[in-house]
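Here is the structure we will look at.
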Amino acid sequence: MKLSVAIAGVEAMPNAFVVFRGVPQSMKKAHELGYDGVELALKRSDEIEKGELKRLLRENSLEVSAVSSGQVFAARNLYFTDENKENRKELFKTFCGFIDLASDFGQLVNIGRTRGSFAGRDHAVCEDLFLDMATSLSDYAMPRGVELILEPVNRYEIDFINNLDECTALVKKVDKKNFTMMPDVFHMNIEDAHIGESLMRNKEYVRYVHFADTNRHAPGDGHMPWDEIFSALSNIGYDGWTTVEILPYPDPETAAKRSVDFLKGTYGKYYK
Ligand code: LER
Ligand code: MN
Numbered sequence: 018m019k020l021s022v023a024i025a026g027v028e029a030m031p032n033a034f035v036v037f038r039g040v041p042q043s044m045k046k047a048h049e050l051g052y053d054g055v056e057l058a059l060k061r062s063d064e065i066e067k068g069e070l071k072r073l074l075r076e077n078s079l080e081v082s083a084v085s086s087g088q089v090f091a092a093r094n095l096y097f098t099d100e101n102k103e104n105r106k107e108l109f110k111t112f113c114g115f116i117d118l119a120s121d122f123g124q125l126v127n128i129g130r131t132r133g134s135f136a137g138r139d140h141a142v143c144e145d146l147f148l149d150m151a152t153s154l155s156d157y158a159m160p161r162g163v164e165l166i167l168e169p170v171n172r173y174e175i176d177f178i179n180n181l182d183e184c185t186a187l188v189k190k191v192d193k194k195n196f197t198m199m200p201d202v203f204h205m206n207i208e209d210a211h212i213g214e215s216l217m218r219n220k221e222y223v224r225y226v227h228f229a230d231t232n233r234h235a236p237g238d239g240h241m242p243w244d245e246i247f248s249a250l251s252n253i254g255y256d257g258w259t260t261v262e263i264l265p266y267p268d269p270e271t272a273a274k275r276s277v278d279f280l281k282g283t284y285g286k287y288y289k
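Using the numbering used here, you'd call the opening residue of the sequence shown number 18 and step up by one each time.
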């Protein structure tokens, strides 16, 4: 497995759940702390110029693990289950930008809260709106070598696709080879009855993983069943990224250092 940390631009909102803000300085810190990669939490793809990104990655010996899209929802209120045509066009354009970026960097684009909610509407109508956008984007991403990864998110943040079983059911409905799933153990701790069993039951679609402890602090700072998680990931032969997506407590540097020390220390045998 490889270890990554979520980062964003300086102006990212608090609920972007990133450890570091400001791309150049975040990448320098990630490298110094021993991370292998960074996840880019973006509002739009032109926040980062490709040539500059390439240079920063080379200078800091890092890879992009994935492009994540939570801020497209949190800061711009764009989401898959929206019926407004103009908003849908803007969302499609935004994700095409992410896919173009990911085709050169990381080849993975996350769909988290930006899938949208039911918000009291007819479930079948919302699901159709979601499937329509997911299918069009998978078709755009396929020839560009990019995969879309849908993240189950807990009920207190969104009311649509909360656990891995629900996510698998929807991934099957999308039915595209490049449309899979990315569990986040913070959400799983709230929504999945048994984290290890759920990872194993849904193993076919597990393509990427977010890590945080039960309090969304650094791994090791809560009561997350890490032995169970690593044992399940190892059991299913998971060899991809684990990305730290946590609140920057007590401060970003300490949180990022504690995470890497805990994961590469206690669970070092799982990291190459
Ligand atoms: C939000 O809680 C989260 O985990 C993000 O990765 C999804 O937008
Ligand atoms: Mn997450």
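By construction, the Cβ of each residue, glycine as well, lies at the ideal position given by its N, Cα and C atoms.
Query: LEU165 (DSSP reduced to helix, strand or coil); Result: strand
Query: Whole-number beta carbon distance between SER78 and THR260, since they are thought to touch under 8 Å; Result: Wrong, their Cβ atoms sit about 17 Å apart, outside the cutoff.
Query: Host beta strand (DSSP E) of MET198 (start-end); Result: 196 to 198
Query: 8 Å CB neighbourhood of ASN171 in its chain, flanking five on each side removed; Result: ASN179, PHE203, HIS204, ILE207, GLU208
Query: For ASP99, the three-state DSSP class (helix, strand or coil); Result: coil
Query: Nearest residue (CA-CA) to LEU57, options VAL89, GLU76, GLU49, LYS193; Result: VAL89
Query: HIS211 versus ARG72 - alpha carbon distance; Result: 42 Å
Query: Identity of the residue in GLU183, LYS193, MET150, LYS189 nearest MET159 by Cα; Result: LYS193
Query: Residues bridged to VAL81 [DSSP beta-bridge criterion]; Result: VAL55
Query: Cα-Cα separation between GLY257 and LEU181, rounded to whole angstroms; Result: 18 Å
Query: Counted within 10 angstroms of its Cβ, other Cβ atoms place GLU103 as buried (16 or more) or exposed; Result: exposed
Query: Any non-hydrogen atom of the ligand LER within 7 Å of VAL142 CB; Result: no
Query: Close-in-space but distant-in-sequence residues of the same chain around LYS289 (CB under 8 Å, 5 per side omitted); Result: MET18, LYS19
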